[in-house]
Amino acid sequence: MENKSKYLTRPIAHMTLGFIIGIIGGNMFLNEKYVSSFFIPGLLSVGAFYYLKYRYKGLMIILISSIAGILLLTVHPLRLESHYFEPGNRVQLEGEVYEVQNTAYGQYISIKHVTLYKEKHKVQLRSSLQLSVNTVNTITPYDWVDVRGTVEAIEGAMNPSDFNDITYLKTKNIVGRIKVEEILTQDVKTPWIEKLQNKLKSKLDELFQGKDQGIMKALLLGDDTALEASTDEIYTDSGISHVLCISGFHVSVIAGFLLFVMGQLGMGYTPRYLIVLLGIWLYAYLTGWGVSTLRATWMMSFLVIGRLIWEEEDGWINLALASLCILIVQPYQLFAVGFQLSFLAMVAIIISQIIIEHLEEEKKMKLWHKWLLPWLPIQLILSLPLTYHFYQVPFLSSLLNFIVIPLFSLIMIGGWGCLLMGLFGWPLGYLLASVISLLLQVISIMVRLVLSVPLSTICVGRPSGIELLLYIIVIGIFLYGVWGIGNKIKLYACSCLLTLSLIVGIKVIPKELNVAFLYVGQGDGSVIITPKGQVIVIDGGKTGKGGVIERYLKYKGKTQIDMMILSHSDEDHIGGLIELISGTIRVKQVCISKSDESENLVRFKEQCRRKEIPILAMGRGDQLVLGDLKLTALAPNFTTPKEIANDNSLVCMLQYKAFSALFTGDKSKDSESWIYSQLNPISILKISHHGSRTGTSKELLLKVNPVYAMISCGRQNRYGHPHKEVTDLLTENHITYSQTNETGAVWIETNGYKMKINKQREDLEHDAGMLFTARGR
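For the record, in the sequence shown the residue sitting at position 43 is 66 according to the working numbering, with numbers rising by one throughout.
Quick look at the structure:
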């Protein structure tokens, strides 16, 4: 008798798996990333599994679909049309507007159906474009614009924790960004769908007040432009932000409501489901064809079609087909966090359903299983993308979904109800809106209360490749153990504990000293993490850059600053620190220069007093010790502030074994130059005042003779930093240096004797990752 296990089941699902592998591999190949600590072992594991289980069948399907995925990327319009948009090229083009984003600096306008005027002929593009406009215009979606401008360079992330603009634009099928110099023509078009959207938004503004307007627009229409940042933050931190972007939750509510209403009206089986199909696609059109909406709509469509033809439902096939429909058109969606969360959430739901059905068949289902199993797989599986992209995962707060999802189902149905009643002028609509506003306030209070509880969220930082692999093993062992609960349960428990112990061991093993000079624009911002995990922050850039420091801390798995040091109170040093103190990061102690004095410093001290943070004023000779780390103040040597604020800077020497780093703030070379007279050669010198000619002398460089020098400055800054005199001085004295406006963040890893220099923008620096011998006093 032939072994049935050799028959390949769900070939569509296997084809989708292969297609995803091909997209990942193709992207690595096109980006010249030939080696991956995670992809290659994973690929070999998948190949070995399918060869052993299905011999050639599963492996061949995956291989063929993988090749298809690679080929799709090589002939994708984003690649073929990129040569038209070399940075600096002047272009004229026209297209249809489909998205407008207002920013503090103007507008980002996305256009599709683009026609590029190329000399004497036109080129019809299949990709979209993004227009950057300095002023806010009356341009709206569906308008047709004809513009002239210059192609902008799209920069990648400048810090390891930064948002990657290049990847984001690819996921939106955007091939380039144009700095608009002139809008030649604008053809205003207002189709019926835009008129309907505008009317609905206007009515929501009448029905709801304040932040409730933004929540209801996001919940009902998928428009998050009016959503307050504070609301978005608490919903994201608590793990319930999915209710604010149109997804499977919304589509399921719409489909369920339509089925209920059609059933109550006595409509037949087939017409009922046909109306559901029509309803969910109209809803997807109304809300703007978001990826999560399309995934959910496709899945619901396949489920409905299956029921119409009386076929058995299969979640894996529905999910595979829905994913293929999206990835064939937009393969780079695979790298979008929204697609990953949406896709993996459905994987987790299907797995939980399979486990529950299995336990029911085996008659092993218990009451706690019914409560835990719908939540646990989702929590485990979504932890992967959440920790990778956001560096933290909702834990206890994710239990809010048991309460929030039913409540938001009612709010969504009630919202559409009061919206329709409001359009007809029925007073009951305003009454229902008041009830919904009350519910939203209750939810907000409940969310804030849960977030204040320890372990509501867990910050673990971005996992490494080996940590991801180990975590996937834990998930697999645990879920398989739950599936066969009662059989070899001790073996599964021990396997999980062993693997988790490896992960924890990787996290808690003492590491090397890490000194990071972050890119914070035209300003200074450094983060030091000791081998024992303590955090020192020196300066924070100007106002608006506190988030850069906070994201980096969370990227490293840190939510506390043990010591915050302010060199002096100029805006480009103190602004980000004020934001950090006002935020959610806990600060244990603050150190300032004892000669500093300004209005900025008064505000800074007031924030510290509100948070009950002790302030230590430091001057020459003062020392702070953190384990093997010693921080010594070299300046100032006076208590009366000098007229030139930069000369009030707190100058610090950091020492760890043989490694030493000198942080000079904005100190000028003529101010207290004697403080450097007794210094020996050092490892790292932070060049004073962003590379200004007033901050660094030849005498200082000859005296401290650093192994490496760092210049922190902003791109295209109006001061011309770093000045050529300083860079020439460094070159003449054979001192290797980096400047953050070119390399992005630079971080040094050292064991106290050897040090490794790493740079964010390795594509611009051939010496990235170079090794030096540390030296200090």
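Heads up, the beta-carbon is just placed ideally off N, CA and C, and yes, glycines get one too.
- Shortest Cα-Cα distance from L82 to any of I44, E104, S105, E109 involves I44.
- Judged by their CB atoms, L350 and V198 are not nearer to each other than the 7 Å cut-off.
- For K393, same chain residues with a beta-carbon under 8 Å away, outside a window of 5 residues either side, are I379 in chain order.
- Taking 7 Å as the cut-off, the beta carbon of I134 is found closer than this to the beta carbon of G118.
- If you look at D235, you'll find it in the alpha helix (DSSP H) that goes 234-244.
- Per DSSP, S421 lies in no alpha helix (DSSP H) and is assigned neither H nor E.
- Annotation: I597 to V120 spans about 40 Å, alpha carbon to alpha carbon.
- DSSP, read as helix, strand or coil, puts S475 in coil.
- Looking only at T138, L103, I328, T158, the smallest Cα-Cα distance to Y128 is reached by T158.
- For I466, the closest of I426, I489, G448 by C-alpha to C-alpha distance is I426.
- Take L219, set aside five residues on each side of it, and the residues of its chain with a beta-carbon closer than 8 Å to its own are L309, in chain order.
- For the 7 Å CB-CB criterion, D595 and G546 form a contact.
- Two segments are said to touch when three or more pairs of C-beta atoms, one from each, lie closer than 8 Å; by this definition the segment 182-198 touches the segment 566-577.
- Contact check for M587 against V550 fails: the beta carbons are separated by 7 Å or more.
- Counting only runs that start and end inside the segment 246-323, there is no beta strand (DSSP E) element of at least 3 residues.
- If you ignore the 5 residues before and after N50, its C-beta comes within less than 7 Å of the C-beta of L96, all in its own chain and listed in chain order.
- Annotated as proximal: K692 and S720, with beta-carbon spacing under 7 Å.
- The bridge partners DSSP lists for F540 are S549, V769.
- The alpha-carbon of L600 is positioned some 10 Å away from that of G567.
- Judged by DSSP in its simplified three-state form, C736 adopts coil rather than helix or strand.
- Contact annotation: W321 and A345 have beta-carbon atoms nearer than 7 Å.
- The closest CA to that of F42, considering only I373, L357, T410, is found on L357.
- DSSP, read as helix, strand or coil, puts I667 in coil.
- E251 has its alpha-carbon roughly 42 Å from the corresponding atom of A91.
- Counting along the chain, the unbroken beta strand (DSSP E) around R113 starts and ends at 113-126.
- Spatial neighbours of C348 in its own chain (CB-CB distance under 8 Å, excluding positions within 5 residues in sequence) are listed in chain order as L317, W321.
- Secondary structure within the segment 413-468: the alpha helix (DSSP H) runs of 4 or more consecutive residues, fully enclosed, are 424-446 (chain order).
- Around the Cβ of D689, a 10 Å sphere holds 16 or more other Cβ atoms; the residue is buried.
- Around the beta carbon of A343, 16 or more other beta carbons sit within 10 angstroms, so the residue counts as buried.
- Within the segment 182-221, complete beta strand (DSSP E) segments of at least 3 residues are found at 197-210, given in chain order.
- Uninterrupted alpha helix (DSSP H) stretches at least 4 residues long and entirely within the segment 613-666 occur at 622-633, given in chain order.
- Around Y140, the same chain offers Q115, L116 as residues with beta carbons nearer than 7 Å, after the five sequence neighbours per side are excluded.
- Note on geometry: alpha-carbon atoms of V674 and K665 lie some 15 Å from one another.
- For M778, the enclosing beta strand (DSSP E) begins and ends at 777-782.
- Within the same chain, F108, E109, P110, G111, N112, V114, G199, I201 come within 7 Å of V174 by CB-CB distance, once the 5 residues on both sides are set aside.
- When the alpha-carbon of V476 is set against those of E748, V538, S420, the nearest one is in S420.
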